[in-house]
Each structure stands twice: as structure tokens, then as C-alpha cells.
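The next block holds one structure in the form of C-alpha cells; read it before the comments.
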Amino acid sequence: MKKNLIAMSLVALTMLMATAGVHAQTTLKEAFKNDFLIGVAINQKQFDNDDQRGDPIIKAQFNAISPENILKWESVHPEPGKYDFTEADRYVEFGEANHMTIVGHTLVWHHQTPQWVFQDTNGHPVTREVLLQRMRDHIHTVVGRYKGRIKIWDVVNEALLDNGTLRKSPWERIIGDDYIEKAFQYAHEADPDAILRYNDYSLENEPKRSGAIALIKKLQAEGVPVTAIGLQDHVQMDWPTTEQEDATISDFARLGLKVMITELDVNVLGGKRTAEITEMANQGTSNAYANGLPPAVQQELAKRYADLFRVFVKHHHDISLVTFWGVTDGDSWLNLRGRMNYPLLFDRAGQPKPAFDAIIQVARTQSAAK
Ligand code: GLA
């Protein structure tokens, strides 16, 4: 009798919750609120509130944003002396309207930077002084415009090669190794309160990690205001290992830096180079999961995400932000050459995948254990 009563009240309660639109499902930002911010890279359609599938997910699940492209040099400073902030302004306004932490990406990089930056009007390389002047003007103008509003900047992106030495980019060739110091110095002048990040990929690998540690130590010894490290984490199913991830976070935290995971996605099709993918596309073999992700792989992906988040939560004192590089699978840059990839937590219809539930579960079990 008593049991029946309890069962009946449970049914009534469930119905009441359903009518009231209460969902038992936790959101990402809620689940990890005691650990770190949960960010997402967004595109123009999304910050224009024009993506009916993506926008409700962004607003419900995330409390930080990064711009996929619109703050890169080519977008914001396409020609000498010509800045265009139309889109960047809307991106920042979107973040503020939704009470999100706003990230700026990226100031000094060798990609998506126009050729004119490095050349004079005759197409010859400019001098160190001219390039430093251009860099300073760019950083002061862009960082200065959003002073106090963009809280975190990727100041230098991908300066290292896989062997841990400095990439011979036009920045390095024309200015010299100290272009990195100068970039941080200018960013700090423009907004002394901003968190300034060095951002790179594959830092889990030796010797690139050693190269980055040496670089950071050198910058710190010179008093350069680098305050955070960005681990991009465009990862594979089997790389990096959780041990590598764990050791990498510890290594950078030991230097006194905040660690941020800045561009997280899991490539279920394997880490191939663009040329290889093009070749595979020509042979018709590039699209292993054209008709959907097999359930077994879906489960492996969920496990992969759970394993990574167990490491992140373990380091919650040192990690302040984990950002996904895209909202749904359909938005991802990994659908290269028409491939169907499945790297994120929401599927092409905007539905949460088993990987979503898996990491929520990690948050629950680990916070119970804390
Ligand atoms: C790099 C850059 C990002 C983005 C991704 C892939 O990691 O930092 O801005 O371009 O590649 O799209």
C-alpha cells in the first residue's frame, strides 16, 4: 500500500516536472562549475544569433567563447592601415549579452596573416624595425579596443616546431627570436589586466614540450608577462595517452602558469595530413563513416572523452578553462574535403552524444570523491 503510494507520487512528480519543462539533464557549465570554465569556439552565424540549432546549445551549455576566425589578423586588419571590427564587435557583444568569458584569438601567427604585413610596397621583406612597428600597432589597436572586455588573449600561436625549436616563420626570420617577447610586452601594455597565453599544438610530445618549457622559462626569466599556456588538444582516439596529458599539465602548472585546453576535439578518422586526405578522397577511401558513426566507435569516443576529462578534473586547481573547437559535429573544421567526422559532444542534429553523458558522469563521480 505504502509502496503504491510512493510509486504514484513519483509518477505524479515526473509528470509535473515534464509539464513544467524541467529536464533532469545537467549542462556542461553547471557540471564543471567547481572545476573550470567550459568554452566553445563560435562562428559568425552563431554570434549573429542566426544558427537555430547551435545558439541554444551555446547559451545553455557554455560560459566562455573563442572566435573561430574573426579576430585573426586577416579578418581584423586586412590591409595596411585598414582595420575592420564589424564582426569582432558583434562577437564581443554576443559574449557580454550572454555573460560569458570572452577569449581573443589570435594576435601573432604565421597563418591567416596577409603577406603585406611582411613586405614593403615592392614586395621585399621589411626590416626588423618596420615589422616590430606593425606588430605593435596591430596589438595596441586590437587589444586596446577590447580592453577589459576580452579577458584572455592568445598572444603568440604555434611558434614551435615538433622538434621544439622555433619555427622559421616570417616573424622569426625578420625580427629574430625575440619577436615573442615583444608580442607579449605590447599586449601587456595594451591591457595590463588581460591573461596572456602562449598557444600551441602537440605539446604533449617530447621534444616539443621541452622546447615550450625552455621558451616559457626564458620568457619568465626576462620578466615577460606570459601568464597562461594553451594546449590546443586537437587529439586522436589514441594520442596523446592520458599519461602524456597528465604529465604535460603538471609540467606547465609547475612553471606557475594557468593551463587552458583551448581547441579540444577528438578526430575519430585519425590524424592525417591534408595532402593525404585529398589523396584518399581521390581514391574514395577518405570517408570511413559516411553513413554515421558505428555504435561501438561512438562508445569508444565517449570513453576517450571521459578519460581526458578525468585528467582535466584531477588538475582542476591548475586548469581554468576547457574550450571545444566547435559546437556540433557539423560545424567542425575536421570535416575536411567532405569527410564526415564526429569530433564533438553534439551531433549534426544538435543532440548530445554518449560522449556528453560520459563527461557529465565524470563530473558527478569526481565531485562526489572530492
Ligand atoms: C589552429 C588554430 C585555430 C584553428 C585550428 C583549426 O589550431 O589555432 O585558429 O585554425 O587550427 O581550424
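First residue of the sequence shown? That's 1216 in the numbering used here, and the numbers climb one at a time after it.
We put the beta carbon where it would ideally sit given N, CA and C, even for glycine.
{"Check": "Start-end ranges of the beta strand (DSSP E) lying completely within the region 1469–1536, minimum 3 residues", "Outcome": "1473–1482"}
{"Check": "Complete runs of the beta strand (DSSP E) confined to the region 1359–1428 [at least 3 residues]", "Outcome": "1367–1372 and 1410–1415"}
{"Check": "Beta-carbon spacing of Arg1364, Ile1317 below 8 Å", "Outcome": "yes"}
{"Check": "Alpha carbon of Asp1408 to alpha carbon of Lys1366, nearest angstrom", "Outcome": "8 Å"}
{"Check": "Contacts around Tyr1306, its chain only, beta-carbon distance under 6 Å, and the 5 residues preceding and following it disregarded", "Outcome": "Phe1262, Pro1282 and Ile1285"}
{"Check": "Residue environment, His1532, which counts as buried when at least 16 other CB atoms sit within 10 Å", "Outcome": "exposed"}
{"Check": "Under 8 Å between C-beta atoms of Ile1464 and Phe1524", "Outcome": "no"}
{"Check": "Glu1419 beta carbon less than 8 Å from that of Glu1478", "Outcome": "no"}
{"Check": "Anticipated Cβ contact below 8 Å, His1449 with Asn1482, distance rounded", "Outcome": "7 Å"}
{"Check": "Pick from Phe1527, Gly1426 and Met1315 that is closest to Arg1382, judged by C-alpha positions", "Outcome": "Gly1426"}
{"Check": "Proximity below 8 Å, CB of Val1371 to CB of Arg1349", "Outcome": "no"}
{"Check": "Inter-stretch contact (C-beta, 8 Å, three-pair minimum) for the region 1492–1502 and the region 1427–1441", "Outcome": "no"}
{"Check": "Per-residue DSSP class, three states only, for Lys1297", "Outcome": "strand"}
{"Check": "Among Ala1279, Phe1247 and Gly1499, nearest to His1530 - alpha-carbon criterion", "Outcome": "Phe1247"}
{"Check": "Cβ-heavy atom distance, Arg1563 to ligand 2, below 7 Å", "Outcome": "As far as ligands go, the structure on display features ligand 1 and does not contain ligand 2."}
{"Check": "Close-in-space but distant-in-sequence residues of the same chain around Gly1486 (CB under 6 Å, 5 per side omitted)", "Outcome": "Gln1451"}
{"Check": "Per-residue DSSP class, three states only, for Ala1570", "Outcome": "helix"}
{"Check": "Cβ pair count under 8 Å reaching 3, the region 1440–1447 against the region 1503–1513", "Outcome": "no"}
{"Check": "Uninterrupted alpha helix (DSSP H) stretches inside the region 1287–1336 (no shorter than 4 residues)", "Outcome": "1288–1291 and 1301–1312"}
{"Check": "Secondary structure of Gln1451, DSSP reduced to three states", "Outcome": "strand"}
{"Check": "Three-state class that DSSP yields for Ala1584 in the structure shown", "Outcome": "helix"}
{"Check": "Pair within 8 Å by beta-carbon distance, Asp1480 and Pro1558", "Outcome": "yes"}
{"Check": "Pick from Gln1240, Phe1309, Pro1295 and Ile1253 that is closest to Asp1265, judged by C-alpha positions", "Outcome": "Phe1309"}
{"Check": "Beta strand (DSSP E) runs wholly inside the region 1262–1291, at least 3 long, in chain order", "Outcome": "1279–1282"}
{"Check": "Residue range of the unbroken alpha helix (DSSP H) whose run includes Leu1243", "Outcome": "Leu1243 to Ala1246"}
{"Check": "Sheet register partners of Pro1340 (DSSP bridge)", "Outcome": "Gln1334"}
{"Check": "Contact check, Thr1343 vs Ile1390, beta carbons under 8 Å", "Outcome": "Checking the sequence shown, residue 1343 turns out to be Arg, not Thr. Contact flag set, yes."}
{"Check": "Inter-residue spacing [alpha-carbon to alpha-carbon] between Glu1311 and Ala1279", "Outcome": "10 Å"}
{"Check": "Beta-carbon gap between Val1474 and Ile1534 smaller than 8 Å", "Outcome": "yes"}
{"Check": "Thr1321 beta carbon near ligand 1 (any heavy atom closer than 7 Å)", "Outcome": "yes"}
{"Check": "Through-space distance from Leu1430 to His1325, alpha-carbon basis", "Outcome": "18 Å"}
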